[in-house]
Amino acid sequence: EQTKVTIDPVKPPMSGKDNSSSRGDVKGILWTDKYKPRTLKDLVGNNAPITKLRTWLQDWEKVHVHGQKKPVTFRGRGVPENVNAKAVLVSGPPGIGKTTACRLVAQELGYIPMEFNASDQRNKATVDNLASGLATNAVIGKNYSLKQKSCLIMDEVDGMSGGDRGGGAALIQLIKKTKMPVMCICNDRMSTKVRSLANSCYDIRFTKPNGAQCGQRVAAIAKAEGVHVDTDAMAMLAEQLGGDMR
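With my numbering applied, the sequence shown corresponds to residues 48 to 293, in that order.
Right, dumping it as structure tokens:
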């Protein structure tokens, strides 16, 4: 019996203008939902990693469909970057916008982001079943076909069960077989569960936004709600919260 694979549909950004005043008219919803980023410009910090992510996805078809490999780039200390990988590994502390950035980049470039809900099924059988679908253009879920321009988002890959050692290896095989871009996301880049996976991915590392960036964002939200706050105080608070924008 095959393991059932579920793909969570991701709603596209709201159409039309979506500024702070229009959001302020919405009653009874959490501010984390009310003011969540709708475009890449709404994200706080990490401009360089987001640009890398966008460039990688923008060039994916050129590299993997048309065979036009890009020249290798290097980061600090001359370490080569795997810019021609089929998958990216987006890492960084929780709450700084990694998953949101992946969704928005995909949507901005015309991809349908499909999130693999593996919170309860991080095992080899589940990943193998998903890999089979990616390799054969099978239909996944009720609303999506791999014939559409789609992008797979694999969240919390560092959370794979330690007792299921085949899950990580199966994910690497999935990346080798896939006919669509794969975005893997993790909090703990140095986890032993992630290191092998990183060798198969373009390694993009997010960092905590600084206090000033967070303070400006919080102050803008407060202003939209008609609340006066001190921007410097909000920056100090953001530092204490580790840059978690939630």
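The beta-carbon is built from N, C-alpha and C at its ideal position, and this holds for glycine as well. Small disclaimer: the values here were computed from a predicted structure and weren't measured.
Please say whether L177 and T86 have beta carbons closer to each other than 8 Å?
no
Near N131, what residues of its chain come up, given a Cβ to Cβ distance below 7 Å and the 5 sequence neighbours on each side ignored?
V110, K116 and K117
Distance check for K224 and A148, CA to CA, integer angstroms please.
25 Å
Over what stretch of residues does the beta strand (DSSP E) that includes D250 continue unbroken?
C248 to R252
When the distance is taken between beta carbons, is N234 closer than 8 Å to D205?
yes
Inter-residue spacing [alpha-carbon to alpha-carbon] between V274 and A267:
10 Å
V110 lies in the alpha helix (DSSP H); which residues open and close that run?
W107 to H111
So V91 packs on Q287, CB below 8 Å; how close in whole Å?
Incorrect: roughly 16 Å between the Cβ atoms, too far for contact.
Could you check what DSSP says for R242 in three-state terms: helix, strand or coil?
helix
Contacting residues, own chain, Cβ-Cβ under 6 Å from V119 (five flanking each side not counted):
P127
Would S243 be called buried (16 or more neighbouring beta carbons within 10 Å of its own) or exposed?
exposed
Closest to P140 by CA distance: which of L156, Y158, T79 and N93 is it?
N93
Backbone secondary structure at P96 - three-state DSSP:
helix
Does I232 pass the burial test, meaning 16 or more other C-beta atoms within 10 Å, or should it be called exposed?
buried
So, for C198: in the same chain, excluding its five sequence neighbours on each side, which residues have a beta-carbon less than 6 Å away from its beta-carbon?
A153, Y158, P160 and P228
In this structure, what does DSSP give as the bridge partners for A134?
V229 and C248
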